[in-house]
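Written out below as structure tokens is the structure these notes cover.
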Amino acid sequence: MYWGLSLVKDQKGKQRVSTGISPSGPIHLGNLREILTGDIIYKSLVLSEKDASFIYLCDDIDPLRKVYPFLPESYSAHVGKPLRDIPAPAGDLAYSEYFLAPFLKSIETLDVKPEVIRTGQLYAEGKFGEIIDLMIKRKEEIQNILQNISGRELEKRWFPYNPKCSKCGRINSAIPYEYSDGFVYYKCACGYEGKSDIYKDQGKLPWRLEWPAKWKILGVTIEPFGKDHGTQGGSYDTGKAISEIILNYPAPLPQMFERILLKGKGAMHSSTGVNIPATEILDFAPPEIVRYMMARVPPSRHIEFDPEAGFLNLMDEFERMIRLGSENKLDEDQRVLLRISATEKSMDDLPDYRHLTTLVQIYSKDEQIKNVLQRSGKRYSDEILALRIKQARFWVDHYAPESSKFMVSGETAPVSLNELEKKVICNFLENIDSMEGWNADLIHEAAREAIGRSSLTPSEGFVALYKAIIGKERGPRIGFFLESMERNKVKRRLSFICGVQNE
RNA sequence: GGGCCCAUAGCUCAGCUAGGUAGAGCAUCUGGCUUUUAACCAGAGGGUCAGGGGUUCGAAUCCCCUUGGGCCCGCCA
């Protein structure tokens with residue numbers, strides 16, 4: 000059974016899948032796994048005909064933890080303040096919204112459409128109030144749970160609520176010393192003394208308490224999370240205990256997921272530069288393939304993403320699957336996988352990606368590529384075609400390995416050909432000289448004829464031609480390829496090889 | 001110190017919570033076709049299922065140990 004279906008099959012009643020993130024910087028492919036795993040689970044619930052909803056929490060009240068490498072040093076003044084209170088590196092938005100906006104755009108492209116909830120807003124609306132009150136009142140009990148399960152020693156003055164200093168704006172430096180009637184009294188490191196209303200966004204719960212609180216407030220029943228939360232004694236373990244003992248709410252069904260590694264580089268991490276921003280993935284990868292990449296393996300396995308040759312193979316694999324799907328040749332699991340990988344857009348008749356990576360290297364204009372594709376009788380919508388061409392070009396420019404790229408050799412570039420191969424080139428040159436026009440069919444016919452007059456097999460003959468023109472043994476179909484080049488340029492190159500003087 | 005994941009063909013992986021004669025795609029090789037596509041069709045070679053032990057009539061599959069690789073926690077989220 001498909002892993003998503005297997006995960007949800009025993010879930011009873013109303014289901015709510017939750018995912019989220021602190022929008023503390025640009026979101027990369029690795030982060031995308033969380034929300035896509037959530038979406039796959041959500042869609043698995045829908046396929047299982049269960050009553051399901053899907054939410055995405057933007058933890059915009061989390062403090063800025065440090066000056067990240069991508070930030071100017073001036074941000075040191077903002078460390079400790081909620082992300083929603085900090086100005087963005089550019090523009091007028093808040094810091095959190097600045098990083099959230101492109102991410103939301105990306106996931107929409109990926110056909111992920113959760114209800115987006117800002118945690119700061121939940122605090123502002125007082126949604127956490129009752130639970131904060133309860134947690135403060137049962138502080139000792141919670142403290143014991145945390146200490147027993149996580150094994151860590153909590154400080155004597157530990158308090159289950161972090162007030163935000165109304166003077167300096169930091170949420171990590173105010174020390175509470177008293178609680179009464181919904182107000183937490185604190186003294187901040189900046190010297191200010193004040194109080195926070197727990198029914199407003201004047202402070203927050205620490206993570207290990209906030210997580211179970213969210214489960215109860217939002218009615219979460221399933222939640223995927225990274226292995227960092229899932230370790231023994233980690234925040235899921237303590238969250239589960241707090242949820243069940245203190246809040247009397249069953250902990251959601253957990254689904255841990257492994258990380259995404261960049262082939263040859265290791266784990267993706269925003270700070271090390273080993274990552275591909277989520278937005279950039281979509282510059283070259285159709286959204287279906289990104290979904291497919293996450294959906295095809297169970298979350299417990301790490302994914303080694305190879306944006307170079309491996310990506311093209313993945314595209315092939317997926318396109319093959321679509322083809323088999325339309326021929327009704329897939330087994331049940333594969334059908335589910337395909338269904339879950341699909342976006343709302345139709346996947347019928349998509350131009351072959353690998354083919355496009357060749358075409359974009361031959362032709363510079365979309366119009367020419369469109370003509371070539373139409374010659375084969377296929378029609379694609381301009382919008383889809385333009386997008387795919389753009390993606391293929393991006394891939395060729397940024398990720399294509401040498402074996403997938405070609406460059407036309409200089410007119411006098413050295414090339415090693417044996418006598419038989421040279422003969423093919425010279426025959427071909429003669430044919431070109433006497434050709435009536437310059438189009439793909441004629442060129443192709445001329446090439447076949449030239450090879451026919453030699454003692455080489457057709458495939459050997461084509462190797463000779465490719466070696467002469469691009470210095471490699473294989474290449475794009477010769478007719479269309481040469482048609483896109485200037486006739487005289489081709490002639491000069493072939494003449495050089497044959498040693499024929501040009502007039 | 002603790003925890004999780006992984007190891008199956010040259011490469012990427014499936015098969016593992018129904019234990020029953022090792023699979024797919026790509027790559028390679030052979031043959032065919034000889035050109036809308038670096039295409040397509042047919043076939044072939046290629047694996048002590050990391051190693052060892054156990055359970056079993058029977059183990060890639062379940063259990064234990066070992067080795068190797070990766071990651072996470074022991075700050076904060």
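Numbering (numbering that gives the first Met the number 0), first residue to last: 0 to 502. Glycine is no exception: its CB is placed at the ideal position from the N, C-alpha and C atoms.
- Scanning the segment 299-378 for uninterrupted beta strand (DSSP E) segments of 3 residues or longer gives 302-304, listed from N- to C-terminal end.
- As far as DSSP is concerned, residue 491 takes part in no beta bridge.
- Every unbroken stretch of the beta strand (DSSP E) spanning 3 or more residues and falling wholly within the segment 202-233 is given here in chain order: 221-225.
- Collapsing the DSSP output to three states places residue 68 in coil.
- Where residue 457 is concerned, the enclosing alpha helix (DSSP H) starts and stops at 457-469.
- Partner residues in the beta bridge of residue 62, as assigned by DSSP, are 81.
- According to the DSSP secondary-structure assignment, residue 187 is paired through a beta bridge with 173.
- Secondary structure of residue 161 (DSSP, three-state): strand.
- Excluding five sequence positions before and after residue 199, the CB atoms of its chain that fall closer than 8 Å to its own CB belong to 122, 123, 125, given in chain order.
- Excluding sequence positions up to five before and after residue 302, its CB lies within less than 6 Å of the CB of 259, all in the same chain and listed in chain order.
- If you keep only unbroken beta strand (DSSP E) runs of at least 3 residues inside the segment 90-154, you get 114-117.
- Nearest neighbour of residue 54 by Cα position, chosen from 274, 115, 5, 85, turns out to be 115.
- The alpha-carbon of residue 8 is positioned some 45 Å away from that of residue 172.
- Each residue's CA atom was taken as its position, placing residue 220 and residue 214 some 8 Å apart.
- Residue 51 is bridged by DSSP to 14.
- According to the DSSP assignment, residue 434 belongs to no beta strand (DSSP E), since it is labelled neither H nor E.
- Contact check for residue 320 and residue 333: beta-carbon distance about 7 Å, within the 8 Å limit, so the pair qualifies.
- For residue 498, the closest of 480, 472, 410, 438 by C-alpha to C-alpha distance is 410.
- Under the DSSP assignment, residue 393 falls in the alpha helix (DSSP H) whose first and last residues are 381-397.
- About 16 Å separates the CB atoms of residue 477 and residue 416; that is not less than 8 Å, and the two are not in contact.
- Closest in alpha carbon position to residue 262, among 274, 255, 251, 256, is 274.
- In this structure the segment 21-31 lies against the segment 80-98, because at least three pairs of beta carbons, one per stretch, are closer than 8 Å.
- By the CB criterion at 9 Å, residue 431 and residue 486 fall inside the cutoff.
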